[in-house]
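Numbering-wise, the sequence shown is residues 40 to 240 according to this note's numbering.
Idealized CB from N, CA, C, for every residue including glycine.
It should be emphasised that the depicted structure is a prediction, and the values quoted were computed from it without experimental measurement.
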Amino acid sequence: MADAQDARDAQDTGDVRDDGDVRDDGDVRDAGDVREAPDARRVVEETLAEAELEWESPAPGSYVVKLPGTRKLFTTLSLRLGRHSLSLNAFVVRHPDENEAGVHRWLLERNLKLYGVGYAIDPLGDIYLAGKLPLAAVTPEELDRLLGSVLEAADGDFNTLLELGFATAIRREYAWRVSRGESTRNLDAFRHLTRTPEPKD
């Protein structure tokens, strides 16, 4: 069922999956110059290790980190050390199915309250969190604060973004699961969307 799959593709709460996509358009030109930033590499790797996060380094100065959440199963964060800065890029949710202008307005207003990162969209309209930090400012405390900022936004805002941009898909997913006798537990946060209106007198 295509509509049900759309809802599953938009989410990763509980057994609803996330596509895990990460696109990083950060300091690509600087990627080969990470030898000039050994202190920043050490800070990044030690901070990730001390936080006991799941991470890997596919190339020198490049890191892919999984930030576990509650509303969103996990957020995949890309960190890239360049010649002058550390760039951060985290996939949040794919292109909204509906109410695109409303979603974008909400993101712009939310940006005013975020620390160190901001919401952005890619050419496909998918939604990301992105930020950049000068290498001189890469300290364990600052990196930890940025990791917290990414997680607080991506996880804390996730259900709101789904409600704003995927309400129809959520309702159809709910109806599809009910029709098949499947669990709707991980859609409980959207009961106000799936509840059948009581008849008026």
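{"Asked": "Segment contact flag, the stretch 210-220 with the stretch 142-151, C-beta cutoff 8 Å, min 3 pairs", "Found": "no"}
{"Asked": "The beta strand (DSSP E) enclosing G170, as first and last residue numbers", "Found": "I166 to P173"}
{"Asked": "Spatially closest choice to L92 from R110, V83 and R216, by CA coordinates", "Found": "V83"}
{"Asked": "P97 - containing beta strand (DSSP E), residue span", "Found": "E93 to A98"}
{"Asked": "Expected contact under 8 Å - CB spacing of L146 and Y158 to nearest Å", "Found": "4 Å"}
{"Asked": "Contact check, L186 vs L106, beta carbons under 8 Å", "Found": "yes"}
{"Asked": "Reduced DSSP secondary structure (H/G/I, E/B, other) of N138", "Found": "coil"}
{"Asked": "Buried versus exposed call for T109 [16 or more other C-beta atoms within 10 Å across all chains shown]", "Found": "exposed"}
{"Asked": "Own chain partners of W94 with C-beta closer than 6 Å, once the 5 adjacent residues on each side are dropped", "Found": "L87, Y102 and V104"}
{"Asked": "Y154 versus L163, E191, E212 and D165, residue with shortest Cα-Cα distance", "Found": "E191"}
{"Asked": "Coarse secondary structure for V156, derived from DSSP in three states", "Found": "coil"}
{"Asked": "Nearest neighbour of A129, chosen from F205, N138, R224 and K171 [CA to CA]", "Found": "K171"}
{"Asked": "Where S222 sits in the DSSP three-state scheme", "Found": "coil"}
{"Asked": "Range covered by the alpha helix (DSSP H) that runs through P77", "Found": "P77 to E89"}
{"Asked": "Residue(s) in a DSSP beta bridge with R122", "Found": "Paired residue(s): none; R122 is not in a bridge."}
{"Asked": "G100 classed as buried or exposed, judged by whether at least 16 other C-beta atoms fall within 10 angstroms", "Found": "buried"}
{"Asked": "DSSP three-state assignment for D227, whether helix, strand or coil", "Found": "helix"}
{"Asked": "Limits of the beta strand (DSSP E) - the one that P162 falls within", "Found": "Unbroken run through P162: none, as it is neither H nor E."}
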